[in-house]
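Asks: Quick note: to get our numbering, add 8 to the position in the sequence shown (first position is 1).
Beta carbons are placed, not taken as given, at the ideal position from N, Cα and C, and that holds for glycine.
Right, I'll just put the structure down here and ask away after.
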Amino acid sequence: MLSKLLEAGQKIGWVDASEISDDAMTACPFGMGSIAPKGEEVKKQREAFGCTVEKYPRGVSFAKAVAVLEEETGTKVDVLVPIELGGGNSSSCIASAILSGRITVDGDYTGRAIPEIYQTTPYIYEKQLLPLGSCDTWGNICTVKEAVNWRMAERIGKMLSVAAFTGCAMAGFAFTAKEMKEVLVHGTLTESYEVGKSIREARERAEDPVLAPVKMLGGWVLCRGVVSKKEWWDKDGYYWGWHTFSGTGDYAGTELRVFFKNENHLCYKNDEVHVTSPDMIIVVDDKTGEPITNTLIEEGMEVAVVAVKARDVFRTERGLEALGPQNFGEESPYTPVEKRL
């Protein structure tokens with residue numbers, strides 16, 4: 009999305025939160041739905057329901073969802089905030105801001121990637137999520153005015169994406185820039201830019217592109233080796249599964265099993281709990297340092313598995329309630345990655 013905008017002569021960027029007026033209105037557009045690959049059966053179902061022509065491509069659908077939110081709230085949105093650093097949500101937010109004449113703030117509401125909308129700082133600080141505007145690729149428009157709680161709002165959104173046989177764009181968190189600044193994880197788009205730059209420059213200097221960003225972020229390499237097994241399923245609007253990584257070279261004898269729900273959340277080393285959410289478990293190409301999303305990981309790939317500390321706000325009681333290991337089926341209490349390693 010951003011490459012196409014660059015090729016069209018657009019400038020890609022963001023604005024520091026301190027440069028935004030406190031009374032500006034903000035909103036957060038985000039993708040909702042499973043990232044699992046779609047098979048022929050799903051494609052046939054789409055056709056049967058007449059979902060064959062993309063009326064709103066991803067960046068455009070995000071901008072449309074914001075417009076639906078504006079109509080519902082009777083306000084004009086000036087600033088867009090990425091919900092997370094992950095997948096298409098950061099780039100889609102930036103693209104939709106450019107396409108709709110808005111600005112993107114340098115930050116996000118998670119500081120990592122997450123599968124569910126309550127695993128965000130607005131939830132931790134008890135801000136307002138609803139109403140939500142929704143627009144899918146085919147042009148189905150919905151609003152969610154009220155929900156019993158955040159988890160139910162998440163479920164309703166996922167069911168809208170299931171109904172559309174694809175992800176849908178949603179927009180919520182409509183509040184002033186003053187409130188946004190109180191809950192924003194500041195500077196994370198610039199941080200992401202610098203991480204990408206460190207990977208590129210390491211390759212250009214013929215240095216290890218895996219170690220460069222790990223050093224920058226104060227992280228750890230958990231394993232370098234191959235993907236020895238992949239198990240996955242698509243259920244309830246999420247992409248679930250396990251990846252097994254077998255160490256080679258200095259990591260021979262190490263086996264990691266990583267559980268994912270869209271993103272990686274539980275890592276076991278030789279069958280013992282090793283790293284869990286909210287700390288980050290990241291898979292990258294062992295030769296290039298390029299990150300690999302779970303949809304693209306295949307058996308036989310040569311990879312490195314990396315860990316990075318969670319943002320402090322997610323290590324609070326309410327942060328762990330939202331994103332701790334118990335959310336993903338691990339009963340043992342959360343232990344910070346730096347204590348385990």
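How long is the line joining the alpha carbons of T184 and A75, rounded to whole angstroms?
Replies: If you number the sequence shown from 1, residue 184 lands on position 176. If you number the sequence shown from 1, residue 75 lands on position 67. Spanning the two alpha carbons is a distance of roughly 17 Å.
Asks: In the DSSP assignment, the alpha helix (DSSP H) including E187 goes from what residue to what residue?
Replies: Translated into positions along the sequence shown, residue 187 becomes position 179. First-last of the alpha helix (DSSP H) with E187: 185 to 191.
Asks: In this structure, how does DSSP classify G249 when only helix, strand and coil are distinguished?
Replies: The sequence position of residue 249 within the sequence shown is 241, counting from 1. Three-state result, G249: strand.
Asks: Give the single residue among A214, A179, V170, V191 whose Cα lies nearest to the Cα of I43.
Replies: Along the sequence shown, one-based indexing puts residue 43 at 35. That would be V170, whose Cα lies nearest to the Cα of I43.
Asks: If you drop the 5 nearest sequence neighbours on each side, which residues of the same chain put their C-beta closer than 7 Å to that of M350?
Replies: Residue coverage of the chain in this structure runs from 9 to 349, which leaves residue 350 outside it and unanswerable.
Asks: Would you identify the three-state DSSP class for G4, choosing helix, strand or coil?
Replies: What the structure shows of the chain is the stretch from 9 to 349, and residue 4 is not part of that stretch, so it cannot be assessed.
Asks: Within 10 angstroms of its Cβ, does D144 collect 16 or more other Cβ (buried), or is it exposed?
Replies: Position 136 of the sequence shown, counting from 1, holds the residue named residue 144. It counts as buried.
Asks: When the Cα atoms are used, what is the spatial distance from V235 to V316?
Replies: Looking up residue 235 in the sequence shown gives position 227. Looking up residue 316 in the sequence shown gives position 308. Roughly 20 Å separates the two Cα atoms.
Asks: Is DSSP giving Y149 helix, strand or coil here?
Replies: Stepping through the sequence shown from its first residue, residue 149 is reached at position 141. This sequence places Ile at residue 149; Tyr is not what is there. I149 falls in the strand class under three-state DSSP.
Asks: How would you label N278, buried or exposed, when you count the other beta carbons within 10 angstroms and need 16 or more for buried?
Replies: Taking the sequence shown and counting its residues from 1, the one referred to as residue 278 is at position 270. Of the residues assessed, N278 falls on the exposed side of the cut-off, its CB having fewer than 16 other CB atoms within 10 angstroms.
Asks: Contact defined as beta carbons within less than 8 Å: I believe G115 pairs with L197. What is the distance between those atoms, to the nearest angstrom?
Replies: For the purposes of this step, residue 115 is taken as residue 107 along the sequence shown, with counting starting at 1. For the purposes of this step, residue 197 is taken as residue 189 along the sequence shown, with counting starting at 1. G115 to L197, Cβ: 7 Å. Contact.
Asks: Quick check on S236: does DSSP put it in helix, strand or coil?
Replies: As a first step, residue 236 is located in the sequence shown; it is residue number 228 there, counting from the start. Looking at S236 - three-state DSSP - the assignment turns out to be strand.
Asks: With a cut-off of 8 Å, do at least 3 Cβ pairs link the segment 81 to 91 to the segment 48 to 66?
Replies: no
Asks: Mapping the DSSP letters down to three states, classify Y276 as helix, strand or coil.
Replies: Here the question's residue 276 lines up with position 268 in the sequence shown. In this structure, Y276 counts as strand in the three-state DSSP scheme.
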